[in-house]
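J.: Before I ask anything, here is the structure I am working with.
Numbering (my numbering), first residue to last: 932 to 1081.
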């Protein structure tokens, strides 16, 4: 006999959410996960992130790893805090900013790549394995520049 308690149900529901998020079956209103093939982790932020906080690679299946495309320029808004991913022109580390800035334009139409369209040098988002942060970098074709998004 199995007895379900409220605590057990909560744990089970969390596990189901994790699997659904990775499988791409979560509701589109929740957001998409960006899974980095090189690091085997997701683009995310820490809980309670604010403007200026870094964008990281880490645990998948949590609200902090869900992103929502917004606007015609393809900005990516984090589902946990409502802030958008921004990268400096010419390369550099991604951070969170109030949505609506020019440096937030992303192109996710090419499967496997996240192009930084605000940059005339045609850069891609990549996972920096040394720091655990997401950055804009020149195209190298390395696995840490390859993203699966659902």
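A virtual CB, placed ideally from N, CA and C, is assigned to each residue, including glycine. In this text the structure is predicted, and so the values were computed from the model without any measurement.
#1: Exposed or buried, residue 982, counting other C-beta atoms within 10 Å across all chains shown (16 or more means buried)?
#2: How would you write the range of the beta strand (DSSP E) that residue 1028 sits in, first residue to last?
#3: Run through DSSP, which three-state label would residue 967 get?
#4: Would you grab the beta carbon distance between residue 1044 and residue 970 for me? Rounded to a whole angstrom, and I think it's under 8 Å.
#5: Chain D beta carbons: is any one of them nearer than 7 Å to that of residue 973?
#6: Would you mind stating whether residue 988 and residue 967 have Cβ atoms separated by less than 7 Å?
#7: Would you mind reading off the limits of the beta strand (DSSP E) that contains residue 980?
T.: Here's the rundown:
#1: So residue 982 ends up on the exposed side.
#2: That run of the beta strand (DSSP E) goes 1026-1028.
#3: Residue state, collapsed to three classes: strand.
#4: So it is not a contact: roughly 16 Å between Cβ atoms.
#5: Although the question refers to chain D, the structure presented lacks it and comprises just one protein chain.
#6: Yes, the Cβ-Cβ distance between residue 988 and residue 967 is below 7 Å.
#7: Counted as a single uninterrupted DSSP element, the stretch harbouring residue 980 is not any beta strand (DSSP E), since DSSP gives it neither H nor E.
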